[in-house]
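Asker: Following full-length UniProt numbering, the numbering of the sequence shown begins with 1 at its first residue and continues without gaps. Positions of the beta carbon are idealized from the N, C-alpha and C atoms, including for glycine.
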Amino acid sequence: MLHVLYASATGTGQDVAEQIGRMAIARNIPVVVSSMDAFDIQQLPTISHAVFIASSTGDGEAPENMTNTWKFLLRKSLAADSLHAMHMAVFGLGDSSYAKYNTVARRLHARLLQLGAVDIIDRGLGDDQHELGYHGALNPWLDRLWAALLQLEPFLLPLGFTIDDSPKPTPPKYLVRIVASDGVSQPSRLHSFYDPPKTALDASRLIQATLTKNERLTAADWSQDVRHIELALPASAPVYSAGDIALLYPENVDVATIDRFLNATLQLPPTTWLAIERVDGNALDLPPLVTAGELMRKYLDVFGTPRRTFFERLSLFTQDIDEVQVKEKLLELSAPDGADLLQDYCIRERRTYIEVLEDFSTCHVPLEFLLELIPRLAPRAYSIASSSTLHPGQVHLTVAIVDYLTPYKRSKKGVCSAWLQTLEPGAVVFMWIKTGLFRLSPAIHAQNVLLIGPGTGIAVMRAIVQERHAHRGQTAVGGDTHVYFGCRHATKVRVRRGRYVNTQNGIVLLHGLLC
């Protein structure tokens with residue numbers, strides 16, 4: 001049995017793990033694919049062969065679905081030979097433009113070796129900066145992995161066995177029915193499929209906040225739109241600390257594109273009511289009743305960028321003889337040696353699921369399969385830019401509106417920031433608050449501190465400044481605070497003039513640097 005265990009924040013690690021799972025089946029290898037934390041970690045010492053796929057997020061952080069596994073592996077009580085029976089391979093997913101490139105995979109690999117595990121092949125590290133993205137390292141690493149595994153006695157191929165990596169159809173995991181609109185009401189978004197993060201301050205209740213301010217910080221004639229956003233929290237919301245993080249559930253605001261896609265591609269009016277069931281035994285991760293328009297706007301990441309396996313699965317829906325060329329193109333995009341084509345057509349251009357489905361319009365994908373192929377609209381994380389002591393019942397955010405041109409000069413906008421840009425006071429925002437990577441100890445408030453926060457990195461610095469100011473007001477004790485920030489224009493950015501950071505009592509010295 002081969003165990004493929006992944007740690008994934010955005011879904012890339014899971015996608016790679018599931019690809020390995022399908023390739024294992026094509027090689028007659030029994031396989032289990034699971035996130036690390038979904039696997040019974042106590043059984044880890046009993047595994048004989050394992051592949052670990054580990055993504056690095058943020059500042060070299062492990063994804064949340066690896067938290068418990070990593071804690072288990074770090075136990076001092078584990079003997080140095082705890083994993084002596086395990087043959088393993090590790091592949092990391094990261095970005096070499098970050099200082100802590102692939103830190104999670106490196107640490108995981110080192111710890112597995114410390115506990116006695118034996119390498120099947122050398123560790124692999126995928127890099128988003130490679131001209132082929134992470135595929136530049138993954139494809140040759142997989143070739144070495146299968147060459148090594150198929151030499152091991154448990155996985156020797158039967159005589160005459162033929163390896164076939166072509167995509168295979170699978171039964172649908174969802175059942176979707178059109179229902180009459182009479183008497184149907186929209187379920188609340190305060191629903192169980194909004195899973196709380198593991199480090200949520202209060203995992204019992206999704207926070208329903210209300211936007212009270214949406215103010216542009218940069219000049220109207222400046223190219224970069226940066227927003228100061230204030231959210232009013234309900235009385236039941238947890239009290240956060242400086243450094244904590246807000247996770248916001250966005251909506252897709254390009255309604256015109258969504259409606260065109262629904263009407264033209266799916267032949268489904270946006271107002272159509274749908275009843276959704278999960279038929280594979282797993283928990284439903286979507287509303288049981290929803291309109292087609294709401295499904296696309298609030299729950300499916302239709303403006304996300306497809307991964308390689310999407311094209312592989314899409315090729316299964318080109319059955320007619322007239323669509324042979326379309327099928328060949330999709331298989332070329334999904335093949336290991338088509339990584340350069342995938343990068344050029346899809347990844348660099350940030351082509352969306354809707355755009356790809358419209359480009360390959362002869363592929364008629366039933367909605368129940370689209371629910372499998374298109375991931376869920378994930379929450380976006382923002383550092384909180386306020387102190388709950390100074391602003392009780394509020395969360396402030398500093399948000400840069402993502403708006404750029406692709407290499408082929410196609411306009412692209414960030415899903416969450418574009419949504420936030422449109423919100424008016426009174427709008428409802430669903431969110432969690434989770435703990436950040438640090439906590440300010442009471443002792444630190446008496447000391448002088450240096451804070452460096454270029455660009456929207458000023459958000460967490462603003463929270464720290466406010467927290468220190470509130471502490472100083474309560475205790476009359478507080479050191480000086482030096483804030484260094486960077487901006488691209490001396491007068492176009494309000495932070496440059498010190499209006500965005502609390503400077504009361506003379507405890508804050510601002511140092512602006514033009515970048």
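Can you tell me which of the three DSSP states Arg-376 falls into?
Answerer: Sequence index remark: in the sequence shown, residue 376 carries index 376 (1-based). Reduced to three states, the DSSP call for Arg-376 is strand.
Asker: For Ala-85 and Ser-48, I'd like the C-alpha separation in whole angstroms.
Answerer: One-based indexing of the sequence shown puts residue 85 at position 85. One-based indexing of the sequence shown puts residue 48 at position 48. In a straight line, the C-alpha of Ala-85 is about 6 Å away from that of Ser-48.
Asker: Thr-36 and Met-1: beta carbons closer than 7 Å?
Answerer: Stepping through the sequence shown from its first residue, residue 36 is reached at position 36. Stepping through the sequence shown from its first residue, residue 1 is reached at position 1. The amino acid at residue 36 is misidentified as Thr; the sequence shows Met. No, Cβ-Cβ distance for Met-36 and Met-1 is not below 7 Å.
Asker: Could I get the ranges of all uninterrupted beta strand (DSSP E) runs contained in the segment 134 to 216, with 3 residues as the minimum, in chain order?
Answerer: Runs found: 174 to 179 and 207 to 216.
Asker: Please return the same chain residues whose Cβ sits closer than 7 Å to the Cβ of Leu-108, not counting the five positions on each side in sequence.
Answerer: For the purposes of this step, residue 108 is taken as the residue at position 108 of the sequence shown. So the list reads Phe-52, Ala-54 and Val-90, once near-sequence residues are dropped.
Asker: Compare the beta carbon distance of Val-179 and Ala-275 with 7 Å and say whether it is the shorter of the two.
Answerer: Against the sequence shown, residue 179 aligns to sequence position 179. Against the sequence shown, residue 275 aligns to sequence position 275. Yes, the Cβ-Cβ distance between Val-179 and Ala-275 is below 7 Å.
Asker: Please classify Tyr-408 as buried or exposed, where buried requires at least 16 other C-beta atoms within 10 Å of its C-beta.
Answerer: What you label residue 408 is simply residue 408 of the sequence shown in a count that begins at 1. Tyr-408 is exposed by the Cβ-count criterion.
Asker: Can you grab the Cα-Cα spacing for the pair Asn-505 / Thr-456, in whole Å?
Answerer: Along the sequence shown, read from residue 1 onward, the residue named residue 505 stands at position 505. Along the sequence shown, read from residue 1 onward, the residue named residue 456 stands at position 456. Note that Asn-505 scores 44 on pLDDT, short of 50, meaning its location in the model is unreliable; the coordinates nonetheless yield the value given after this. Answer to the nearest angstrom: the Cα atoms are 24 Å apart.
Asker: Using the Cβ count rule (16 or more neighbours within 10 Å means buried), how would you classify Lys-71?
Answerer: The sequence position of residue 71 within the sequence shown is 71, counting from 1. It is exposed - the Cβ of Lys-71 has fewer than 16 other Cβ atoms within 10 Å.
Asker: Is Ile-401 near the ligand SAM, judged by its Cβ being under 6 Å from some heavy atom?
Answerer: Ligands displayed in this structure: none; no statement on the ligand SAM is therefore possible.
Asker: According to the Cβ coordinates, are Asp-301 and Leu-377 closer than 7 Å?
Answerer: By 1-based counting over the sequence shown, the position of residue 301 is 301. By 1-based counting over the sequence shown, the position of residue 377 is 377. It is a contact, given that the beta carbons lie within the stated cut-off.
Asker: Using the rule of at least 16 other Cβ atoms within 10 Å of the residue's Cβ for burial, across every protein chain shown, is Val-104 buried or exposed?
Answerer: Working through the sequence shown from its first residue, we reach residue 104 at position 104. Its Cβ being crowded by 16 or more others within 10 Å, Val-104 is buried.
Asker: Do you know whose CA, among His-130, Pro-197, Pro-250 and Ala-200, lies nearest Leu-420's CA?
Answerer: Taking the sequence shown and counting its residues from 1, the one referred to as residue 420 is at position 420. It is Pro-250 whose Cα lies nearest to the Cα of Leu-420.
Asker: Does DSSP classify Lys-100 as helix, strand or coil?
Answerer: Position 100 of the sequence shown holds residue 100. Reduced to three states, the DSSP call for Lys-100 is coil.
Asker: State the beta-bridge partners of Arg-278 as determined by DSSP.
Answerer: Within the sequence shown, the letter at position 278 stands for residue 278. Bridge partners of Arg-278: Tyr-174.
Asker: How far does the alpha helix (DSSP H) with Ala-127 in it extend, from its first residue to its last?
Answerer: Counted from its first residue, the sequence shown places residue 127 at position 127. The sequence shown places Asp at residue 127, not Ala. That residue, Asp-127, is in no alpha helix (DSSP H); its beta strand (DSSP E) goes 124 to 127.
Asker: So, does the segment 382 to 400 touch the segment 277 to 289, judging by three or more C-beta pairs under 8 Å?
Answerer: With the cut-off at 8 Å, the segment 382 to 400 and the segment 277 to 289 do not touch.
Asker: In the structure shown, what three-state DSSP assignment does Lys-71 receive?
Answerer: For the purposes of this step, residue 71 is identified with residue 71 of the sequence shown, where counting begins at 1. If DSSP states are grouped into helix, strand and coil, Lys-71 belongs with the helices.
Asker: Go to Trp-432, then tell me how far its beta strand (DSSP E) extends in each direction, as first and last residue.
Answerer: Position 432 of the sequence shown, counted from the first residue, corresponds to residue 432. Unbroken beta strand (DSSP E) run through Trp-432: 428 to 434.
Asker: Exposed or buried, which one is Thr-362 when buried takes at least 16 other CB atoms within 10 Å?
Answerer: Within the sequence shown, the letter at position 362 stands for residue 362. Exposed, by the Cβ-count rule.
Asker: For Ala-7, report the span of its beta strand (DSSP E) as first-last.
Answerer: Counted from its first residue, the sequence shown places residue 7 at position 7. First-last of the beta strand (DSSP E) with Ala-7: 2 to 7.
Asker: Can you tell me where the beta strand (DSSP E) with Gln-394 in it begins and where it stops?
Answerer: Numbered from its first residue, the sequence shown carries residue 394 at position 394. Unbroken beta strand (DSSP E) run through Gln-394: 394 to 400.
Asker: Give a yes or no on contact between the segment 255 to 275 and the segment 291 to 311, applying the rule of three or more CB pairs nearer than 8 Å.
Answerer: A contact exists between the segment 255 to 275 and the segment 291 to 311.
Asker: Assign Glu-61 to one of three DSSP states: helix, strand, or coil.
Answerer: Position 61 of the sequence shown holds residue 61. In the structure shown, Glu-61 sits in a strand (DSSP, three-state: E or B).
Asker: Distance check for Val-483 and Leu-295, CA to CA, integer angstroms please.
Answerer: Within the sequence shown, numbered from 1, the residue matching residue 295 stands at position 295. Within the sequence shown, numbered from 1, the residue matching residue 483 stands at position 483. Taking the straight line from one Cα to the other gives about 44 Å.
Asker: Tell me whether Ala-17 is buried or exposed, calling it buried when 16 or more other Cβ atoms sit within 10 Å of its Cβ.
Answerer: As a first step, residue 17 is located in the sequence shown; it is residue number 17 there, counting from the start. That one is buried.
Asker: Can you tell me whether Met-36 is helix, strand or coil according to DSSP?
Answerer: By 1-based counting over the sequence shown, the position of residue 36 is 36. Coil at Met-36, not helix or strand.
Asker: Within its chain, find whatever has a CB closer than 6 Å to the CB of Pro-30; leave out the 5 residues flanking it on each side and keep chain order.
Answerer: Stepping through the sequence shown from its first residue, residue 30 is reached at position 30. Contacts found: Met-1.
Asker: Quick test of the definition: if touching needs 3 or more C-beta pairs under 8 Å, does the segment 126 to 133 touch the segment 333 to 351?
Answerer: With the cut-off at 8 Å, the segment 126 to 133 and the segment 333 to 351 touch.
Asker: How is Pro-287 classed by DSSP in three states: helix, strand or coil?
Answerer: Here residue 287 refers to the residue found at position 287 when the sequence shown is read from its first residue. DSSP places Pro-287 in coil when its eight states are reduced to three.
Asker: In chain order, what residues of the same chain lie with their CB nearer than 6 Å to the CB of Leu-367, ignoring the 5 residues before and after it?
Answerer: For the purposes of this step, residue 367 is taken as residue 367 along the sequence shown, with counting starting at 1. Within the same chain, Leu-367 has close Cβ partners Val-176.
Asker: Quick one: Cα of Thr-210 to Cα of Glu-312, how far?
Answerer: Residue numbering aside, residue 210 sits at position 210 when the sequence shown is read from its first letter. Residue numbering aside, residue 312 sits at position 312 when the sequence shown is read from its first letter. Those two C-alpha atoms are separated by around 42 Å.
Asker: Helix or strand or just coil, what does DSSP make of Lys-76?
Answerer: Counting from 1 along the sequence shown, the entry for residue 76 is found at position 76. Lys-76: coil per DSSP, three-state reduction.
Asker: Confirm, please, whether the CB-CB distance from Leu-247 to Ala-379 is below 7 Å.
Answerer: As a first step, residue 379 must be located in the sequence shown, where it is residue number 379. As a first step, residue 247 must be located in the sequence shown, where it is residue number 247. The sequence given here places Pro at residue 379; Ala does not occur at that position. In contact: Pro-379 and Leu-247 (Cβ atoms closer than 7 Å).
Asker: Got a sec? Which residues, its chain only, sit under 6 Å from Leu-73 by beta carbon, not counting five neighbours each side?
Answerer: Position 73 of the sequence shown, counting from 1, holds the residue named residue 73. Here the set comprises Arg-111.
Asker: If you compare alpha carbons, which of Gln-42, Met-88, Ile-41 and Asn-102 is closest to Ser-8?
Answerer: As a working mapping, residue 8 is identified with position 8 in the sequence shown. If we check each option's Cα against that of Ser-8, Asn-102 comes out closest.
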